[in-house]
Amino acid sequence: MNPGWNKQYLSIATVFLLLAVVGIISYGMGLETDNELLDARDAVRAFKANGLELSPKVASTDDDLAIDGVLPIEYQVDKSEDSILIYEFDTVNKRKLGELSIEKYDIPSRVYRTARNLILLYQPRLPETLEEYKEILPTLQSR
Numbered sequence: 026m027n028p029g030w031n032k033q034y035l036s037i038a039t040v041f042l043l044l045a046v047v048g049i050i051s052y053g054m055g056l057e058t059d060n061e062l063l064d065a066r067d068a069v070r071a072f073k074a075n076g077l078e079l080s081p082k083v084a085s086t087d088d089d090l091a092i093d094g095v096l097p098i099e100y101q102v103d104k105s106e107d108s109i110l111i112y113e114f115d116t117v118n119k120r121k122l123g124e125l126s127i128e129k130y131d132i133p134s135r136v137y138r139t140a141r142n143l144i145l146l147y148q149p150r151l152p153e154t155l156e157e158y159k160e161i162l163p164t165l166q167s168r
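Going by our numbering, the sequence shown wraps up at 168, each residue one higher than the last.
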């Protein structure tokens with residue numbers, strides 16, 4: 026056998042082995058994220074740790090608020106009439122699909138953030154009367 030052929034064969038085998046190892050590690054990392062899922066309590070604790078108190082309302086039964094079949098748990102922001110809707114998805118991938126679906130829903134405020142398998146959607150109370158609108162107008166104009 027040609028000694029050059031052995032080196033070339035060994036190099037190719039090493040590259041394939043490295044690719045296989047990287048693939049296995051990447052696959053394992055993808056599985057690990059679904060093993061570390063969050064729930065609404067984790068999000069509420071994180072908000073509280075950063076100085077924002079939330080009061081639980083109720084788990085929503087309003088199908089209009091569902092994202093890909095997941096109904097939110099609604100919390101009221103203390104000292105405010107605003108709400109935070111927390112959507113708990115079964116997996117990170119389902120959350121990503123839900124995130125893609127948000128644009129097709131008629132949500133007045135699409136201010137949201139994601140955390141692993143959660144979507145946290147901020148829902149401000151919108152003014153309903155002209156007087157209420159006039160009260161917040163200076164704030165709106167300052168931005």
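Just so it is clear, CB atoms sit at the ideal spot from N, CA and C, and this is done for glycine as well.
Taking all protein chains shown into account, Asn118 has fewer than 16 neighbouring C-beta atoms within 10 Å of its C-beta and is therefore exposed. Ranked by Cα distance from Ser126, the first of Ile144, Lys159, Ile109 and Glu153 is Ile144.
If you look at Glu124, you'll find it in the alpha helix (DSSP H) that goes Val117 to Ser126. In the DSSP annotation of this structure, Val136 is not part of any alpha helix (DSSP H); the continuous beta strand (DSSP E) holding it starts and ends at Val136 to Ala140. In the displayed model, Lys82 falls within a strand according to three-state DSSP.
One Cα belongs to Thr139, the other to Pro163, and the distance between them is close to 31 angstroms.
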